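The structure appears right after this line, and notes come after that.
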Amino acid sequence: KAGVTQTPRYLIKTRGQQVTLSCSPISGHRSVSWYQQTPGQGLQFLFEYFSETQRNKGNFPGRFSGRQFSNSRSEMNVSTLELGDSALYLCASSPGLADTEQYFGPGTRLTVT
Amino acid sequence: GENVEQHPSTLSVQEGDSAVIKCTYSDSASNYFPWYKQELGKGPQLIIDIRSNVGEKKDQRIAVTLNKTAKHFSLHITETQPEDSAVYFCAGYGRSNFGNEKLTFGTGTRLTIIP
């Protein structure tokens, strides 16, 4: 069974721009969570989607948003990029809502200049 | 919300020796504690987990112990090998500040196996 895939793997943007990242979960998994990983803050939870609805969210500003499609694929969007948004963005999938076992993708490395 | 602390931040052990990484958590309602291994350029990989109704779990060279009373859990790797070198994260599944449950991660331990 294929794992979680994320595209693109690397991205360079400038301040003020917006960016969209994509995640395809493991086949059959219906829940997708997003995390931001930085050296200073570690792994921080962004939000979780299930059945095309945001079910849980972390403590991030409204510039960070996401959505999920009927095939469980998910996208996250960051608007008005700031230098501090430079990070590895990780997507994790699990079979259902609040399923504790999460499987991570390789991440998208975002650099904001 | 849940707070997970992890120690040490770096750990170097001789190949063949054992490695132990410890975590504490704050939310007594947390009921699931996974451990992830992250290699360079990759996402975290789930290597073992334990639920709150179990005190210990083993999988070949890896074991996890949980002390609910003290609210701490540990990862034990025996007979370490060079391929065990990576960053290890513990996590607790507990209440977020918004009331829902989510995984809260420790700050990670960089494990280096010295050949």
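Going down the list, the sequences are from chains C and W. Numbering-wise (our numbering), the first sequence opens with residue 1 and increments by one. Numbering-wise (our numbering), the second sequence opens with residue 1001 and increments by one. Positions of the beta carbon are idealized from the N, C-alpha and C atoms, including for glycine. In this text the structure is predicted, and so the values were computed from the model without any measurement.
- Message: For a contact defined as C-beta to C-beta under 8 Å, what are the partners of D1084/W on chain C?
- Response: Here residue 1084/W refers to the residue found at position 84 when the second sequence is read from its first residue. The contacting residues do not exist; D1084/W stays about 19 Å from chain C at best.
- Task: Tell me whether Q102/C counts as near the ligand NAP, meaning its Cβ is closer than 7 Å to at least one heavy atom of that ligand.
- Result: Ligands are entirely absent from the displayed structure, and the ligand NAP is therefore not among its contents.
- Query: Among residues of its own chain, excluding the 5 on either side of N1003/W, which ones have a beta-carbon nearer than 6 Å to its beta-carbon?
  - Reply: By 1-based counting over the second sequence, the position of residue 1003/W is 3. Excluding positions up to five away in sequence, the list reads S1026.
- Going straight from the alpha carbon of E1039/W to that of T111/C, what length do you get? Within the second sequence, numbered from 1, the residue matching residue 1039/W stands at position 39. Within the first sequence, numbered from 1, the residue matching residue 111/C stands at position 111. Spanning the two alpha carbons is a distance of roughly 20 Å.
- Query: Between the segment 86–109 of chain C and chain W, which residues of the former have CB atoms less than 7 Å from a CB of the latter, in chain order?
  - Reply: L90, A98, T100, E101, Q102, Y103, F104, G105, P106, G107
- Query: Starting from V4/C and walking both ways along the beta strand (DSSP E), at which residues does that stretch end?
  - Reply: Stepping through the first sequence from its first residue, residue 4/C is reached at position 4. Taken as a continuous stretch (DSSP letters only), V4/C belongs to no beta strand (DSSP E), as it is neither H nor E.
- Any C-beta of chain W under 8 Å from that of F60/C: The count along the first sequence starts at 1 and reaches residue 60/C at position 60. F60/C does not count as touching chain W.
- Task: Have a look at R1051/W and S24/C and give me their C-alpha separation to the nearest angstrom.
- Result: Counting from 1 along the second sequence, the entry for residue 1051/W is found at position 51. Counting from 1 along the first sequence, the entry for residue 24/C is found at position 24. The straight-line gap from Cα to Cα measures roughly 28 Å.
- Task: Can you tell me which of G16/C, Q37/C, T100/C, S94/C puts its alpha carbon nearest to the alpha carbon of R73/C?
- Result: The residue given as residue 73/C occupies position 73 in the first sequence. Nearest of G16/C, Q37/C, T100/C, S94/C to R73/C, Cα basis: S94/C.
- Query: Cβ of L43/C less than 8 Å from any chain W Cβ?
  - Reply: Working through the first sequence from its first residue, we reach residue 43/C at position 43. At least one chain W Cβ lies under 8 Å of L43/C.
- Task: Take E75/C as the anchor and find which of K13/C, A87/C, L46/C, N59/C has the nearest alpha-carbon.
- Result: In the first sequence, counting from the first residue as 1, residue 75/C sits at position 75. It is L46/C.
- Item | Coarse secondary structure for L1083/W, derived from DSSP in three states | Here the question's residue 1083/W lines up with position 83 in the second sequence. According to the sequence provided, residue 1083/W is Glu. The question's Leu does not apply to it. Here E1083/W sits in helix by DSSP.
- Beta carbon proximity, K1102/W to chain C, threshold 8 Å: As a position in the second sequence, residue 1102/W is number 102, starting the count at 1. At least one chain C Cβ lies under 8 Å of K1102/W.
- Query: Got a sec: is the Cβ-Cβ distance from G1108/W to anything in chain C below 8 Å?
  - Reply: In the second sequence, counting from the first residue as 1, residue 1108/W sits at position 108. Yes - at least one Cβ of chain C is within 8 Å of the one on G1108/W.
- Query: Thinking C-alpha only, which one of D99/C, Y89/C, G105/C is nearest T38/C?
  - Reply: Within the first sequence, the letter at position 38 stands for residue 38/C. Measuring from the Cα of T38/C, the nearest candidate turns out to be Y89/C.
- Can you check whether the CB of K1071/W is closer than 8 Å to the CB of A1063/W? Counting from one through the second sequence, the residue named residue 1063/W turns up at place 63. Counting from one through the second sequence, the residue named residue 1071/W turns up at place 71. The answer is no: Cβ separation not under 8 Å.
- Query: Helix, strand or coil: how does DSSP classify D85/C here?
  - Reply: In the first sequence, counting from the first residue as 1, residue 85/C sits at position 85. The answer is helix: DSSP assigns D85/C an H, G or I state.
- Compute the distance between the beta-carbons of T1080/W and G1016/W, then report whether it is under 8 Å. For the purposes of this step, residue 1080/W is taken as residue 80 along the second sequence, with counting starting at 1. For the purposes of this step, residue 1016/W is taken as residue 16 along the second sequence, with counting starting at 1. Contact flag set, yes.
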